[in-house]
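First to last, the sequence lines map onto chains A and E.
Per our numbering, residue 1 is the first one in the first sequence, and the count goes up by one each step.
Per our numbering, residue 290 is the first one in the second sequence, and the count goes up by one each step.
Written out below as structure tokens is the structure these notes cover.
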Amino acid sequence: MSIELIIGILNIVLISTTPLVFAGIGELVTEKSGVLNLGLEGLMLVGAVTGFITLVLTGNYFYSLFLSIISGVILSGIFAFLVLNLMTNQIATGLALTIFGIGLSAMLGKKFAGTPIDGLNPYYFIVISFLLVFSVGYFLSKTKSGLIVRAVGENHNSAYALGYNVIKTRYLTIIFGGVMSSLAGYYISICYAPMWQEGMTAGRGWIALALVVFATWKPWRLLVGAYIFGGVAIMQMNLQAVGVKLPGQFFNMMPYLATIIVLVFISSNKLRLKLSAPSSLNIPFEKNQ
Amino acid sequence: MLRKILTFLTFLAVISVSAVHADQKKIGFIYIGPPGDHGWTYMHDQGRIYMENALGDSISTTYIENVPENADAVRAIRKLAASGHDLIFTTSFNYMDQTLEVAKEFPDVKFEHATGFKRMDNVSTYSARFYEGRTIIGHIAGKMTKTNTIGYIVSFPIPEVIRGINAFYLAASKVNPDVKIKIIWNYSWYDPGKEADAANTLINQGADIIVQHTDSYAPCQAAEKAGVLAFGQASNQEAFCPNSHMTSIEDIWGPYYAAKAQAVVDGTWSSEDTWHGFKDGMVEMSPYNTKLLPLDLILEAKNMESAIENGTLHSFEGPIYNQAGKLVVKEGEVADDGMLASMMFYVQGIDGEVPQ
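Now the structure itself:
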């Protein structure tokens, strides 16, 4: 293998893995505070379409990025209101958010599907994604606010008794997760495959969700995991192209398979603690307990 | 009491609606992707719109998009059949068994299954001879490649796709015996990100022409960005990659759809197998890119089109050998439709194996 070929492969791996890193790191923070948001796919699609439409209409990358982020704030804000204030079931609400996002993005983007645009250089986002993972890692383990997020996720009643505002903390982490998902979507429709087409995220939201479990809620493991998922996908393409026969379907299901294996391991309680799953994940918080 | 009144009103409404549209035929479509994919589903939707315009008020149409090729398809098809549709087009190969399953339950509803080969009294099949277009682009690719390496992105190992690869390779190797094709199976029809990854991988491995048998225009876009050449798929994709798009193979379904819908309106519909190509206008080439292709090559391509149309040229002319070196089509003969419809082998010269 020549150096150019290897650099080329690394390049493709970087470009294709970045959306997983964005969506995954956002969801990781949300889950660390004890909320499971299954709406990533929907958030990504709405973020993708909002950014795309704004870019087509204004031709301005900054506006399109800004509105894409706003779409994430609004949608995840609605999700937060439902699960935190109205205490709806997180799983059902998250699924509803995904279905809503798929439909909404398709409706908004109908007139814009197939409009050619000039894509943005993906390297800005790739660099930001690395910085983000390290900042989140630092935030969660070394700062007071990060510890509060974790305390809220581990035991919201104790955190509340200590005087921390559980609801506010969770609002912030959910919105952070939402913004990261819309950034992932923005990256897909503006940098990765510069276009808008319905359902173009093609299940990456679900892979990002699986990734958080696979990474056992550790930011640096998330980064490694994302690059394992992305790297394997690109390597199998390279092997196929040189004529090696591979079971392609197997590689398509690999992220999910790996996640199920991790889930099997952490289903025992001791390991679950060791592997740092937030204990209050998916449990609603009631103030007057 | 209120409920009774409402029920009565609803009843009245239903009666009046069905009275107005008593002889209007309902025609349904099942789509594998979104109509906005600017590829496969887009062209079926264009066909639907053509049919609506052609037949006017005598029909009304509905479609269900993004229907996966699994048990969900049965539900989607049944939903259309149960809601009074007279004719249902299922527009992807792997809806085959699902279409038959529902067709058995609804003998009065007519079904049209695209690219399949199983028929019943109320199930027709139809397809286009896309491979004729692949012969043209193979010829162009063989002449245009400088690295002698062509990248080919494909979806699923089904006869239609493999036939396309073979037709392409036979034409390319005829004008350029040194040509090699690198094939990546994506195992999805539609995932723009993955299609772009595959295109970039192939370009990275030295391909200077990208061919696709998937549904988004991401591969063409990736080629444009990397400065290599590409062919579009299903619809004219020139707008997305003006500096690399040489031509596209276009699927033209409209006239066929209109004819079949008219047959249902007239009560003359019968189960049949339709497989049309250039000759009947079901396959067309997008305008050849005059900025990229030399004029004599464009003329050659156009001559090939008319030769295929009038039958003097066939995409699968013998002698053709399979990878094991066995003669599958004798000299002076052409592959028959039976062989084409079930083609699951690569011809000699293509590297790698057909995935099982």
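Virtual Cβ for every residue (Gly too), placed ideally from N, Cα, C.
This one's a predicted model, so the numbers in the text were calculated from it and none came from an experiment.
Pick out whichever of the options has its Cα sitting closest to the Cα of residue i.
i, options, result
"D585/E", "S347/E, D397/E, I429/E", "I429/E"
"D497/E", "G516/E, Y506/E, G482/E, K483/E", "G516/E"
"A511/E", "T350/E, Q494/E, A485/E", "A485/E"
"I284/A", "I126/A, S33/A, I9/A, G51/A", "Looking at the sequence itself, residue 284/A is Pro, so the reference to Ile does not match. Here the closest residue by C-alpha is S33/A."
"P396/E", "Y352/E, Q612/E, V412/E", "V412/E"
"D326/E", "N342/E, N359/E, R408/E, D480/E", "D480/E"
"G8/A", "Y635/E, D540/E, L491/E, D555/E", "L491/E"
"L281/A", "V213/A, L5/A, L75/A", "V213/A"
"Q522/E", "T330/E, I321/E, Q313/E", "T330/E"
"I204/A", "L183/A, W217/A, T216/A", "The residue asked about is misnamed: residue 204/A is Arg in this sequence, not Ile. When only C-alpha atoms are compared, the closest one is L183/A."
"E561/E", "E573/E, G405/E, A487/E, K315/E", "G405/E"
"Y187/A", "L86/A, I128/A, V83/A", "I128/A"
"T201/A", "S64/A, G248/A, S189/A", "S189/A"
"G440/E", "H502/E, M632/E, Q526/E, A630/E", "H502/E"
"S559/E", "L369/E, F318/E, M409/E, E598/E", "M409/E"
"V152/A", "L5/A, A258/A, F112/A, T30/A", "T30/A"
"G482/E", "W217/A, I234/A, A159/A, N155/A", "I234/A"
"G199/A", "D375/E, H565/E, V356/E, E401/E", "V356/E"
"L131/A", "L223/A, T143/A, L84/A", "L223/A"
"L5/A", "F378/E, Q494/E, Y384/E", "Q494/E"
Which word fits residue i, buried or exposed, when buried means at least 16 other C-beta atoms lie within 10 angstroms of its C-beta?
i, result
"W220/A", "exposed"
"R364/E", "exposed"
"E286/A", "exposed"
"L10/A", "exposed"
"Y192/A", "buried"
"Q455/E", "A quick correction: the sequence has Asn, not Gln, at residue 455/E. Result: buried."
"Y635/E", "buried"
"Q289/A", "Below a pLDDT of 50, predicted positions are generally treated as unreliable, and Q289/A, at 49, falls in that range; the measurement from the model is reported next regardless. Result: exposed."
"S444/E", "buried"
"N238/A", "buried"
"Q645/E", "exposed"
"G261/A", "Per the sequence shown, the amino acid found at residue 261/A is Ile instead of Gly. The residue is exposed, with fewer than 16 neighbouring Cβ atoms inside 10 Å."
"F250/A", "exposed"
"M433/E", "buried"
"P324/E", "buried"
"I513/E", "First, the amino acid is wrong: residue 513/E is Glu here, not Ile. The residue is buried, with at least 16 neighbouring Cβ atoms inside 10 Å."
"I3/A", "exposed"
"A417/E", "buried"
"P278/A", "buried"
"K399/E", "buried"
"A371/E", "exposed"
"G422/E", "buried"
"L57/A", "exposed"
"A346/A", "Nothing can be reported for residue 346/A, as the shown portion of chain A is limited to 1 through 289."
"V303/E", "Caution applies to V303/E, whose pLDDT of 47 falls short of 50 and renders its modelled position unreliable; the value that the coordinates give is listed next. When all chains shown are included, V303/E counts as exposed."
"A138/A", "Note on residue identity: the sequence assigns Tyr, not Ala, to residue 138/A. It is exposed - the Cβ of Y138/A has fewer than 16 other Cβ atoms within 10 Å."
Could you tell me which chain E residues have their CB closer than 8 Å to the CB of residue i, listed as they occur along the chain?
i, result
"Y61/A", "Simply none; closest approach about 17 Å."
"N252/A", "Y476, S477"
"A202/A", "S477, Y479, D480, P481, G482, K483"
"K245/A", "G641, E642, P644"
Just the chain A side, please: which residues come within less than 8 Å of residue i by C-beta, in chain order?
i, result
"N355/E", "E198, G199"
"Y635/E", "Those do not exist, as Y635/E stays about 11 Å from chain A at its closest Cβ, beyond 8 Å."
Could you tell me which chain E residues have their CB closer than 7 Å to the CB of residue i, listed as they occur along the chain?
i, result
"Y192/A", "G482, A485"
"Y249/A", "According to the sequence as given, residue 249/A is Gln; it is not Tyr. Ordered by position in chain E, the residues that pass the 7 Å Cβ test against Q249/A are Y476."
"S16/A", "G482, D486"
"I234/A", "D486, T490"
Which bits of chain A does residue i rub up against, with CB to CB less than 7 Å?
i, result
"I473/E", "M237, Q240, A241"
"S505/E", "Q197"
Applying a beta-carbon distance threshold of less than 9 Å, which residues of chain E neighbour residue i?
i, result
"I188/A", "P481, G482"
Run through chain A and tell me which residues come within less than 9 Å of residue i, C-beta to C-beta.
i, result
"Q510/E", "P116, G119, A193, P194, M195"
May I ask you to list, following chain order, the residues of the segment 481-502 of chain E that have a beta carbon less than 9 Å from some beta carbon of chain A?
Those would be P481, G482, K483, E484, A485, D486, A487, N489, T490, L491, I492, N493, Q494, G495, A496, in chain order.
Identify each residue in the segment 99-128 of chain A for which the Cβ-Cβ distance to at least one residue of chain E is less than 8 Å, and report them in chain order.
A106, G109, K110, A113, G114, P116, G119
Would you list, in chain order, the members of the segment 2-13 of chain A that have their beta-carbon closer than 7 Å to a beta-carbon of chain E?
L5, G8, I9, I12
Does the contact criterion of 3 or more C-beta pairs under 8 Å hold for the segment 523-537 of chain E versus the segment 337-349 of chain E?
The segment 523-537 of chain E vs the segment 337-349 of chain E: no contact.
Below 8 Å, how does it come out for the segment 610-624 of chain E and the segment 423-442 of chain E: are there three or more Cβ pairs, yes or no?
no
The segment 33-47 of chain A / the segment 90-101 of chain A touching (three or more Cβ pairs under 8 Å)
yes
Any chance the segment 249-269 of chain A sits against the segment 49-65 of chain A, with 3 or more Cβ pairs inside 8 Å?
no
Could you tell me whether the segment 536-548 of chain E touches the segment 122-140 of chain A, using the rule of 3 or more Cβ pairs below 8 Å?
no
In the segment 319-336 of chain E, which residues sit with their C-beta less than 7 Å from some C-beta in chain A, listed in chain order?
P323, G325, D326, H327
For the segment 220-240 of chain A and the segment 10-26 of chain A, state whether three or more C-beta atom pairs, one from each stretch, are separated by less than 8 Å.
yes
Closer than 7 Å, Cβ to Cβ, to anything on chain A: give me those residues from the segment 446-468 of chain E, in chain order.
none
Listed from N- to C-terminal order along the chain, which residues in the segment 518-529 of chain E have their beta-carbon within a distance smaller than 8 Å of any beta-carbon of chain A?
A528, F529
Contact the segment 545-556 of chain E vs the segment 573-590 of chain E: 3+ CB pairs below 8 Å
Because the criterion of three Cβ pairs below 8 Å is not met, the segment 545-556 of chain E and the segment 573-590 of chain E do not touch.
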